[in-house]
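Q:
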Amino acid sequence: MSEQKQTQRRVVVVGAGMAGVQTAVALREQGFTGPVTLIGAEPHQPYDRPPLSKAVLLGKAEDSAFDVDFEDLGVELRLGVDVTGLRAADHEVDTEAGPVAYDTLVIATGAHPVALPGSGGVPGVHLLRTLDDAVRLGPVLERRHTVVVVGAGWIGAEFATAALGAGCAVTVVEAADLPLAGTLPAEVAAPMAGWYAANGAELLTHARVDAVEPGRVLLADGRELPAEAVVVGIGARPATGWLAGSGIALDPSGAVTADDRLRTSLPDVYAVGDCASFPSARYGERLLVHHWDNALQGPRTVAAGITGADAGPYDPVPYFWSEQFGRFVQYAGHHAGADELLWRGDPADETWSALWLRAGVPVALLTVGRPRDLAQGRKLIEAATPIDRARAADPSVPLKAAVG
Numbered sequence: 309m310s311e312q313k314q315t316q317r318r319v320v321v322v323g324a325g326m327a328g329v330q331t332a333v334a335l336r337e338q339g340f341t342g343p344v345t346l347i348g349a350e351p352h353q354p355y356d357r358p359p360l361s362k363a364v365l366l367g368k369a370e371d372s373a374f375d376v377d378f379e380d381l382g383v384e385l386r387l388g389v390d391v392t393g394l395r396a397a398d399h400e401v402d403t404e405a406g407p408v409a410y411d412t413l414v415i416a417t418g419a420h421p422v423a424l425p426g427s428g429g430v431p432g433v434h435l436l437r438t439l440d441d442a443v444r445l446g447p448v449l450e451r452r453h454t455v456v457v458v459g460a461g462w463i464g465a466e467f468a469t470a471a472l473g474a475g476c477a478v479t480v481v482e483a484a485d486l487p488l489a490g491t492l493p494a495e496v497a498a499p500m501a502g503w504y505a506a507n508g509a510e511l512l513t514h515a516r517v518d519a520v521e522p523g524r525v526l527l528a529d530g531r532e533l534p535a536e537a538v539v540v541g542i543g544a545r546p547a548t549g550w551l552a553g554s555g556i557a558l559d560p561s562g563a564v565t566a567d568d569r570l571r572t573s574l575p576d577v578y579a580v581g582d583c584a585s586f587p588s589a590r591y592g593e594r595l596l597v598h599h600w601d602n603a604l605q606g607p608r609t610v611a612a613g614i615t616g617a618d619a620g621p622y623d624p625v626p627y628f629w630s631e632q633f634g635r636f637v638q639y640a641g642h643h644a645g646a647d648e649l650l651w652r653g654d655p656a657d658e659t660w661s662a663l664w665l666r667a668g669v670p671v672a673l674l675t676v677g678r679p680r681d682l683a684q685g686r687k688l689i690e691a692a693t694p695i696d697r698a699r700a701a702d703p704s705v706p707l708k709a710a711v712g
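Our numbering numbers the first residue of the sequence shown as 309 and each following residue consecutively.
Quick look at the structure:
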């Protein structure tokens, strides 16, 4: 795109989280000179989310604002503004402050946490998604409350870890038979169940919440749990309700169905981050990735499309990490479709890895306290490198030396 055309085109980015901020940064890094407007629903300076369940929650940091000089970048910030609709025919988004015109629109609105049915308005019930959520939860930890965490997923485990560290009594309620059900296979999730009790938390599986009342949680089987605070971590949904009636294509989960360049079904509209799914040739299916690394990488593809550079299809190896119960857990890839699982080490030990293969080629890897495995295994996954199974199953052999 010529500089003259760039200066005449206005890019509007809706969503001021990681994906939105990185889109604005990537546009400037890739030479885009036109006006860029970043619209955020929260009034706070744009911030990173992973520290919310760690340093910010524990009072070790006041916030996690991005180290980005938006004024120096020439990016207009409109914060504390809710976007309510999209009128593609007019090239405008509707906001509570009036319409905003765009030439190119980037949807980066992320995801909303799923609320526990029937818990709305009940005192002491919390979600953990925003900076305000973390600030509200701070006093819960300071006062060492008795806490019930609903959901033994990544967020539930991370909050339970923080609450235990602050001296709270913690019970985690999970409807499935294991933590991370639906996220990891049972044989990999099973060893993680023991982490809860070993660190002082009570994990109740096959336990469904019937009702939440002030000071207690009632389970469907009749049990009653004391709860000065309840933290809900039962999943997230793409924040795309404002796109209703816009004509933009969404999948059943509500995610925008972007193509392999992260373009949507509407002209001049892109979608990136937690709110958008994309087709993966690497894995042969459409992926919806609710993790930080996806929100970091995708904007470069979007910026390349807007500037006309075309970085090629967006098809990353998904990656995320979690710090829980004194362990550093990392995952790379996508294990659906794998036909073999190799263990590197004993999952009863403090450190181990699980490697998924398809036709002898690594497709995913989960590591617990083995960052070198992750770094080397991720490269093997990216390159679709066949491995020697026997060597790969030996934890003393570096993964990079287990090439078949």
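Note that CB positions come from ideal geometry on N, CA and C, so glycine has one too.
(1) Does DSSP put VAL320 in a helix, a strand or coil?
(2) Does the stretch 464-472 touch the stretch 500-514, meaning 3 or more C-beta pairs lie closer than 8 Å?
(3) I'd like to check one pair, GLU690 with VAL625: are the Cβ atoms closer than 8 Å?
(4) Please identify the residue among ILE415, ILE347 and THR609 whose C-alpha is closest to the C-alpha of ALA547.
(5) Ignoring anything shorter than 4 residues, give me the alpha helix (DSSP H) runs that lie fully in the stretch 459-526, in order along the chain.
(6) How is the alpha helix (DSSP H) around PRO447 delimited, first residue to last?
(7) Should the stretch 347-355 be regarded as contacting the stretch 377-392, the criterion being three or more beta carbon pairs within less than 8 Å?
(8) Evaluate SER561 with the Cβ neighbour count: other Cβ atoms within 10 Å of its Cβ, from every protein chain shown; 16 or more gives buried, anything less gives exposed.
(9) In whole angstroms, what separates the C-alpha of VAL329 from that of ALA528?
(10) Can you tell me whether SER573 is helix, strand or coil according to DSSP?
(11) In this structure, does DSSP put PRO626 in helix, strand or coil?
(12) In the DSSP assignment, what residue or residues form a beta bridge with TRP660?
(13) Do you know offhand how far TRP651's Cα is from GLY523's?
(14) Leaving out five residues before and five after VAL713 in sequence, what residues of the same chain have Cβ atoms less than 6 Å from its Cβ?
(15) Can you tell me where the alpha helix (DSSP H) with ASP380 in it begins and where it stops?
(16) Is GLU337 helix, strand or coil by DSSP?
(17) From ALA701, PHE636 and ALA683, pick the residue whose C-alpha is nearest to that of GLU648; which is it?
(18) Taking all protein chains shown into account, do 16 or more other C-beta atoms lie within 10 angstroms of the C-beta of VAL457, making it buried, or fewer, making it exposed?
(19) Within 10 Å of its beta-carbon, does ASP377 have 16 or more other beta-carbons around it, so buried, or fewer, so exposed?
(20) Expressed to the nearest angstrom, what Euclidean distance is found between the alpha-carbon atoms of LEU360 and GLY620?
(21) Hey, would you say GLY426 sits closer than 8 Å to VAL520, going by beta carbons?
(22) Leaving out the 5 sequence neighbours to the left and right, which residues in its chain are closer than 6 Å to ASP441 when beta-carbon positions are compared?
(23) Among residues of its own chain, excluding the 5 on either side of ASP681, which ones have a beta-carbon nearer than 6 Å to its beta-carbon?
(24) For the beta strand (DSSP E) that contains TRP651, what are its first and last residues?
(25) Per the DSSP calculation, HIS434 is bridged to which residue(s)?
(26) State the beta-bridge partners of ARG545 as determined by DSSP.
(27) Skipping 5 residues on each side, what residues in its chain have a beta carbon closer than 7 Å to that of GLU658?
(28) Leaving out the 5 sequence neighbours to the left and right, which residues in its chain are closer than 6 Å to ARG267 when beta-carbon positions are compared?
(29) Which of the three DSSP states, helix, strand or coil, is assigned to GLU532?
(30) Would you mind working out which of ALA471, THR479 and ASP696 sits nearest ALA515, comparing C-alpha positions?
(31) Cβ of LEU394 within 8 Å of Cβ of LEU551?
(32) When you compare the CB positions of VAL671 and ALA646, do they come within less than 8 Å of one another, or not?
(33) Taking GLY446 as the reference, give the member of CYS476, TYR410, GLY461 and PRO703 with the closest Cα.
(34) In angstroms with no decimal places, state the Cα-to-Cα distance between HIS643 and CYS583.
(35) Which term fits SER704, buried or exposed, when burial requires 16 or more other beta carbons within 10 angstroms of its beta carbon?
A: The structure says:
(1) strand
(2) yes
(3) yes
(4) ILE415
(5) 462-473 and 494-506
(6) 439-450
(7) yes
(8) exposed
(9) 43 Å
(10) coil
(11) coil
(12) VAL676
(13) 43 Å
(14) Past the edges of the chain, shown from 309 to 712, lies residue 713, and the structure says nothing about it.
(15) 378-381
(16) helix
(17) ALA701
(18) buried
(19) exposed
(20) 33 Å
(21) yes
(22) LEU435
(23) SER661, THR675 and LEU707
(24) 648-652
(25) VAL539
(26) HIS420
(27) GLY677
(28) Any question about residue 267 goes unanswered here, given that the chain covers just 309 to 712.
(29) strand
(30) THR479
(31) yes
(32) yes
(33) CYS476
(34) 21 Å
(35) exposed
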